[in-house]
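The structure appears right after this line, and notes come after that.
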Amino acid sequence: MKALVLSEYNRLDIVNMPVPQPAEDELLIRIQACGICGSDVHGYDGSTGRRIPPIVMGHEAAGVVESVGGAVEGFRAGDRVTFDSTVSCGKCFYCLRGEINLCDHREVIGVSTPAFRRMGAFAEYVTVPARIAYHLPDNMSFPHAALIEAVSVAVHAVSLTPIALEDTAVVVGAGMIGLLTLQAARQAGAGRVVVLDVDDTRLELARSLGATQTFNSRNDDVIAQIMEQTEGRGADVALECVGATVPVKLAVDSVRKGGAVTLVGNVAPTIELGLQSVVTRQIRLQGSCASSGEYPACISLMSRGAIRVEPLLSALAPLEDGASWFHRLHEREPGLLKVVLQP
Ligand SMILES: [Zn+2]
Ligand SMILES: [Zn+2]
2 MKALVLSEYN RLDIVNMPVP QPAEDELLIR IQACGICGSD VHGYDGSTGR
52 RIPPIVMGHE AAGVVESVGG AVEGFRAGDR VTFDSTVSCG KCFYCLRGEI
102 NLCDHREVIG VSTPAFRRMG AFAEYVTVPA RIAYHLPDNM SFPHAALIEA
152 VSVAVHAVSL TPIALEDTAV VVGAGMIGLL TLQAARQAGA GRVVVLDVDD
202 TRLELARSLG ATQTFNSRND DVIAQIMEQT EGRGADVALE CVGATVPVKL
252 AVDSVRKGGA VTLVGNVAPT IELGLQSVVT RQIRLQGSCA SSGEYPACIS
302 LMSRGAIRVE PLLSALAPLE DGASWFHRLH EREPGLLKVV LQP
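In structure tokens form, the structure reads like this:
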């Protein structure tokens, strides 16, 4: 089979490899679409240390079951499926509590660290445990299904955020995750969702996806604007989807006393935090990592159009063009959100 291999940092090659064989509990999936994740782009240049070459990356994928291992139930050849990016062990303290994203033995498809190596889906075929696979409805295309993982990050973050009906929510950052989080917050009952970013094009996209107001934090005094909209109190909740000092400060400053801030963005390893503002105003800070069992909800939300991914899909390209798309994403070409490769 053809696979896009990270042969060394900053170098991707199309390589011929043997088709993997499914283990007893695994599915062999013929990949139809696989999205390039921000974490793949950061892994590509070696900066995260989580894509040690040689590795086939890619964990945001969908395809058709080619064959199944002997112990698999509920799937058969020809089924249209997607799968979770996380492989949890199913046995540890956290898995038994249902917190599979916190699994002690968590592995990720298409990731290699000193502890594990799992071949990913930038290839014609991949094998994954059947317990992390999900059936796709007929009305969902494979490229859209490849965005479920990103949707699940947004839905998980919103599920950890105490949003009451008609609350005001602030979403900081209108990138891929921010634009999905805004839609999930609306579905969770937020009456108003205010989106902040530094890019007017993205803010326009946010409005088309249901943001009730947007502010460019480079030009506007966004905190003053939010106070004005909320009788001087601040928003009920904020969801931070960037992950650095300035946007986290915006999130904290935007909420009212007793408000909650969910931290989804994860770029800077450490940030400066206004401790007194958090303590004396009794703000709740909540981290959110990946997702934990939200796939069926995401499939349903997308299938009935409650969360739209079409406007976030920047390009569909053949796997052979993967190297040049990685390069363009790595160079931060403006206007690019999700690029999906098709083997
Ligand atoms: Zn991802
Ligand atoms: Zn576990």
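Our numbering puts the sequence shown at residues 2 to 344.
No residue lacks a Cβ here, since even glycine has one placed at the ideal position from N, Cα and C.
Near ligand 1, which residues have their beta-carbon less than 6 Å from any of its heavy atoms, given in chain order? This selection yields 38, 40, 60, 61, 86 and 150.
In this structure, how does DSSP classify residue 216 when only helix, strand and coil are distinguished? Three-state result, residue 216: strand.
State the Cα-Cα distance for the pair residue 327 and residue 231, rounded to the nearest angstrom. Looking at the two C-alpha atoms, the distance is approximately 42 Å.
Under a three-way DSSP split, which group does residue 90 fall into? Per DSSP, reduced to three states, the secondary structure at residue 90 is coil, with no helix or strand assignment.
Candidates 86, 129, 108 and 343: closest to residue 24 by CA position: Of the listed residues, the one whose Cα sits closest to residue 24 is 129.
Taking only the alpha-carbon atoms, compute the straight-line gap between residue 222 and residue 254 and give it to the nearest angstrom. So the two alpha carbons sit approximately 12 Å from each other.
Please classify residue 258: is it buried, with 16 or more other beta-carbons within 10 angstroms of its beta-carbon, or exposed? Exposed.
So residue 193 is in the alpha helix (DSSP H); what residue range does that whole segment cover? From DSSP, residue 193 is part of no alpha helix (DSSP H) but of the beta strand (DSSP E) over 193–198.
Do residue 279 and residue 245 count as a contact pair if the criterion is CB distance below 7 Å? Contact: no.
State yes or no: is the C-beta of residue 93 nearer than 6 Å to some heavy atom of ligand 2? Yes; taking the cut-off as 6 Å, the Cβ of residue 93 has a heavy atom of ligand 2 nearer than that.
Less than 8 Å between C-beta atoms, sequence neighbours within five positions excluded: which residues of the same chain meet that for residue 234? For residue 234, same chain residues with a beta-carbon under 8 Å away, outside a window of 5 residues either side, are 228, 257 and 258 in chain order.
If we ignore side chains and look at the alpha-carbon of each, how far apart do residue 339 and residue 95 end up? If I take the Cα positions, the gap works out to 31 Å.
Which residues mark the beginning and the end of the alpha helix (DSSP H) in which residue 67 is found? From DSSP, residue 67 is part of no alpha helix (DSSP H) but of the beta strand (DSSP E) over 61–69.
Which residue wins for smallest C-alpha separation from residue 288, given the options 264, 304, 294 and 305? In terms of Cα proximity to residue 288, the closest of 264, 304, 294 and 305 is 264.
Collapsed DSSP secondary structure at residue 262 in the structure displayed: In this structure, residue 262 counts as strand in the three-state DSSP scheme.
How should residue 271 be labelled, buried or exposed, when 16 other C-beta atoms within 10 angstroms of its C-beta is the threshold for buried? Its Cβ having fewer than 16 others within 10 Å, residue 271 is exposed.
Put residue 397 into one of helix, strand or coil per three-state DSSP. Look at the range of the chain in this structure, 2 to 344, and you will see that residue 397 is not part of it.
Under three-state DSSP, which class holds residue 319? Residue state, collapsed to three classes: strand.
Determine the direct distance from the alpha carbon of residue 113 to that of residue 119, and round the result to whole angstroms. Roughly 6 Å between the two C-alpha positions.
Which of the three DSSP states is assigned to residue 109 in this structure? Look at residue 109 here: in three-state DSSP terms it is strand.
For residue 252, collect the residues of the same chain with a Cβ closer than 7 Å to its Cβ; drop the 5 residues on either side in sequence, then sort them by chain order. Excluding sequence neighbours, residue 252 sits near 171, 173, 239, 241 and 262.
According to DSSP, is residue 309 helix, strand or coil? Look at residue 309 here: in three-state DSSP terms it is coil, with no helix or strand label.
Which residues in the same chain have their Cβ closer than 6 Å to the Cβ of residue 249, if we skip the five residues on either side of it in sequence? 241 and 272, listed in sequence order.
Evaluate residue 10 with the Cβ neighbour count: other Cβ atoms within 10 Å of its Cβ, from every protein chain shown; 16 or more gives buried, anything less gives exposed. Exposure of residue 10 is indicated by the presence of fewer than 16 other C-beta atoms within 10 angstroms of its C-beta.
Within 7 Å, strictly: CB atoms of residue 33 and residue 117: Their beta carbons are not under 7 Å apart, which means residue 33 does not touch residue 117 by this criterion.
Jot down the residue ranges of each uninterrupted beta strand (DSSP E) in the region 224–248, minimum 3 residues, whole runs only, in chain order. Listed in chain order, the complete beta strand (DSSP E) runs (minimum 3 residues) inside the region 224–248 are 236–241.
Quick check on residue 105: buried or exposed, where buried means 16 or more other Cβ atoms within 10 Å of its Cβ? Its Cβ having fewer than 16 others within 10 Å, residue 105 is exposed.
By Cβ distance below 6 Å, which residues in the same chain neighbour residue 213 in space, the five residues on each side in sequence not counted? Only 193 and 194 meet the Cβ criterion.
Rounded to whole angstroms, what's the CA-CA distance from residue 177 to residue 125? Just pull it up for me. The alpha-carbon separation between residue 177 and residue 125 amounts to approximately 26 Å.
On the CB-based measure, 16 or more other CB atoms within 10 Å of its CB, does residue 344 come out buried or exposed? Around the beta carbon of residue 344, a 10 Å sphere encloses 16 or more other beta carbons of the protein chains shown; the residue is thus reported as buried.
Between the Cα of residue 311 and those of 187, 201, 147 and 331, spot the shortest distance and give me the residue it belongs to. That would be 147, whose Cα lies nearest to the Cα of residue 311.
For residue 20, which residues does DSSP report across the bridge? Looking at the DSSP assignment, residue 20 forms no beta bridge with any residue, so it has no partner.
Can you tell me which of the three DSSP states residue 35 falls into? When DSSP states are grouped into helix, strand and coil, residue 35 belongs to the strand group.
Please go through the same chain and pick out, in chain order, the residues whose beta-carbon is closer than 6 Å to the beta-carbon of residue 179, but skip the five residues on each side of it. Its chain contains 172 and 242 as the residues whose beta carbon lies nearer than 6 Å to that of residue 179, once the 5 sequence neighbours on both sides are disregarded; these appear in chain order.
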